[in-house]
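Student:
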Amino acid sequence: RLAIPSTSAEDAAVAKNLGISFTEVIETLPNGLEKVINSAEITGMTRQEALKAIIQQAKNKRIGGDLTSDKLRDWLISRQRYWGTPIPVIHCQTCGTVPVPYEDLPVVLPNVTTFTGKGASPLETAPEWVNCSCPRCKAAAQREIDTMDTFVDSAWYYLRYTDPSNTDRPFNGDLADYWMPVDLYIGGKEHAVMHLFYARFFSHFCHDLKMTKHKEPFHKLLVQGLIKNQTFRLTTTGQCLKREEVDLTGTEPVHLKTGEKLQVAWEKMSKSKHNGIDPEELVKEYGIDTLRLYILFAAPPEQDILWDTKTDAMPGVQRWQMRLWMLVTKFIEERTSGTMPNPELLNEKEKAEARKIWEQKNLVISEVTEYFTKDHLFNAAISRLMSLTNILHQASRPLILHSIEFEDALASLYIMVAPMAPHIASEMWKGLAQTQNKLCTHHHWDADVLHQSWPKVDPEYLQPSDVVEMSVLINNKACGKVFVPQQAARNFEEVRELVLQSELGVKHLQGRTIKKAVLSPRTALINFLLQE
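Under this note's numbering, think of the first position of the sequence shown as 3, with each following residue one higher.
1. Give a yes or no on whether the C-beta atoms belonging to residue 354 and residue 485 are separated by under 9 Å.
2. Do the stretch 275–287 and the stretch 248–266 touch if we need at least three Cβ pairs shorter than 8 Å?
3. Take residue 55 and list the residues in its own chain whose beta-carbon comes closer than 7 Å to its own, dropping the five residues that flank it on each side.
4. Once you ignore the five residues that flank residue 62 on each side, which residues in its own chain have a CB closer than 7 Å to its CB?
5. Considering only residues of the stretch 352–438, which uninterrupted alpha helix (DSSP H) runs meet the minimum length of 4 residues and lie entirely inside it, listed in chain order?
6. Expressed to the nearest angstrom, what Euclidean distance is found between the alpha-carbon atoms of residue 237 and residue 265?
7. Whole angstroms is fine: what's the gap from residue 270's alpha carbon to residue 296's?
8. Leaving out five residues on either side along the sequence, give the residues of the same chain with a beta carbon under 7 Å from the beta carbon of residue 86.
9. Which first and last residues belong to the beta strand (DSSP E) in which residue 98 is found?
10. Would you tell me roughly how many angstroms separate the C-alpha atoms of residue 169 and residue 79, rounded to the nearest one?
11. Where does residue 473 sit, in a helix, a strand or coil, going by DSSP?
12. Report the option in 437, 416, 326 whose CA atom is closest to the CA atom of residue 454.
13. Could you tell me which of 36, 40, 59 sits nearest to residue 50, measuring between CA atoms?
14. Just to confirm my understanding: we take residue 438, look at its own chain, exclude 5 residues before and 5 after, and list those with CB closer than 8 Å. What are they?
15. Following the continuous beta strand (DSSP E) through residue 268, name the residue where it begins and the one where it ends.
16. Quick check on this structure: which residue in 108, 91, 525 has the alpha carbon closest to the alpha carbon of residue 101?
17. Would DSSP call residue 488 helix, strand or coil?
18. Does the stretch 212–230 touch the stretch 181–188, meaning 3 or more C-beta pairs lie closer than 8 Å?
19. Please confirm whether residue 389 and residue 419 have their CB atoms less than 9 Å apart.
20. Just to confirm my understanding: we take residue 302, look at its own chain, exclude 5 residues before and 5 after, and list those with CB closer than 7 Å. What are they?
21. Exposed or buried, what is residue 373 when buried is set at 16 or more other beta-carbons lying within 10 Å of its beta-carbon?
22. Per DSSP, residue 43 is paired with what?
23. What's the C-alpha gap between residue 292 and residue 392?
24. Compute the Euclidean distance between the alpha carbons of residue 465 and residue 474, then round it to the nearest angstrom.
25. Report the rounded CA-to-CA distance for residue 446 versus residue 175, giving the unit in angstroms.
26. CB-CB under 7 Å to residue 435, same chain, minus the five flanking residues each way: which ones, in chain order?
27. In whole angstroms, what is the alpha-carbon distance linking residue 142 and residue 88?
28. When we look at the beta-carbon of residue 145 and count the other beta-carbons within 10 Å, is it buried (16 or more) or exposed?
29. For residue 401, tell me which candidate among 219, 308, 163, 345 has the shortest Cα-Cα distance.
30. Contact check, residue 515 vs residue 533 under 8 Å by CB: the rounded distance?
31. Please state if the CB of residue 329 and the CB of residue 404 are separated by a distance shorter than 9 Å.
32. Can you tell me the Cα-Cα spacing of residue 58 and residue 191, whole angstroms?
33. List, from N- to C-terminal side, the beta strand (DSSP E) runs of 3 residues or more that fit wholly inside the stretch 214–272.
34. Kindly confirm or deny that the stretch 243–252 and the stretch 208–220 touch, where touching means at least three C-beta pairs closer than 8 Å.
35. Pull up the CB-CB distance for residue 422 and residue 500, whole angstroms please, since I reckon it's below 8 Å.
36. Going along the chain, which residues of its own chain have a beta-carbon closer than 8 Å to the beta-carbon of residue 117, five neighbours each way excluded?
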């Protein structure tokens, strides 16, 4: 411990008792502000200003300066497991401790079969491995039988994974540079100051030795939350009760036997807390796909889930699954009605509806792909897939029968659902695929949904549109939409005339007195205020 008498009353008392003189370096002003004194160039600064100045000096001289966590400690490597990382040294009575020559690495541990549970390492029972010759003087010597903790191996496994069969070196640098860094590391919060710190240490060490071109081993960290359940504790003893020992019929839970009020909290599931849930029972009740969708939909992956299947999340997921089934059922019914699908039979209104489905399909593909691959917001992905499901449910019967846009959007929907609910998605895909007279040719209808290519945004969707869908309001009430050319969409006079000449304008505005019209190009909206 560093003693600083000027800032510590205890240290000052010790210095006084021992007759040690010291210089005051901190002066407390009448207003309570602490200033530095007798300290060369930082004299006159506040303590905070002085700290920043010293840190900057250390940075300028490249001798440190950055703050480090006081929770970081050297990790003890002496925990003995005979299968731990061998220490590559040999003990010779003449030469002392001698490192194993590079050409003899790696040291391979023997196959140990004798275990007593007492005394030294089980490696000592393999004399053919322990006894060897000294690399320097060739005299009789013994290998080190202590090992390093297994965490030493787990601190560089990601590099070994890039070249797992290499017997000459830990890994090939070219292969490590090709595969690394890891795109996504998924782990608990406790990893941030333990495993991840030492994994980074190893990676930086390998970089300093020119073994790799990258310093950092992991590109992105995803710290997943916990699934928590309620615990019921006796107020008097703190003992956790089983749920069947709790009376939940009143306004507050009480002990079933004594009526004692209980402390209720949401905590990590644990046997000792009696708040665990048997996943097999849940699978029997809901099905594995429904259960998985609930967990993904209940919260973003970084947040904790408070386990309660009676909340909106579970009913919402179940309703969505039913709507997914209803969609493919409606599609099969229309396509087996005896009428051949023909997009040319759609009228202008239905074609506009098909265009809207096409736009929504592309928007959802774009967003869900981002949520899956970059943001990892699976709850948001499910929400967007729900919105596409709702839009498809609103489609008219002619659209379901004749529209290639509806068919493609439905197929894309099931493909995007499949990673999260593969069983039901496969069933729905099979029903869709077996329907005759399909219009889409780019899907592999003979293969399962899990073997389909991930949907891509249509190139046309990425191009600026030639037309703008202009919302028309009359006296602040929506009455329809009119398509206007892109180049005219910001010109008030042109938009006004195009709306007045349209079918909608003739029907609702002809012969009426227009007091004022307001165009909002940003929101693609024009509002006509009429004389009542």
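Glycine included, each C-beta is placed from N, C-alpha and C at the ideal position. Small disclaimer: the values here were computed from a predicted structure and weren't measured.
Tutor: Quick answer:
1. In contact: residue 354 and residue 485 (Cβ atoms closer than 9 Å).
2. no
3. 44, 47
4. Spatial neighbours of residue 62 in its own chain (CB-CB distance under 7 Å, excluding positions within 5 residues in sequence) are not present.
5. With a minimum length of 4 residues, the continuous alpha helix (DSSP H) runs that stay inside the stretch 352–438 are 380–395, 399–404, 406–419, 424–435.
6. Roughly 6 Å separates the two Cα atoms.
7. 18 Å
8. 149, 150, 151, 152
9. Boundaries of the beta strand (DSSP E) harbouring residue 98: 98–101, taken from the DSSP string.
10. 25 Å
11. strand
12. 416
13. 36
14. Only 337, 338 meet the Cβ criterion.
15. 264–270
16. 91
17. Residue 488: helix per DSSP, three-state reduction.
18. yes
19. no
20. 379, 381
21. By the neighbour-count rule (16 or more Cβ atoms within 10 Å), residue 373 is buried.
22. For residue 43, which the question treats as bridged, DSSP gives no partner whatsoever.
23. So the two alpha carbons sit approximately 19 Å from each other.
24. 25 Å
25. Computed Cα separation, rounded: 40 Å.
26. 447
27. 20 Å
28. buried
29. 345
30. 4 Å
31. no
32. 31 Å
33. 223–225, 229–236, 264–270
34. no
35. Not really, about 45 Å apart at Cβ, beyond 8 Å.
36. 124
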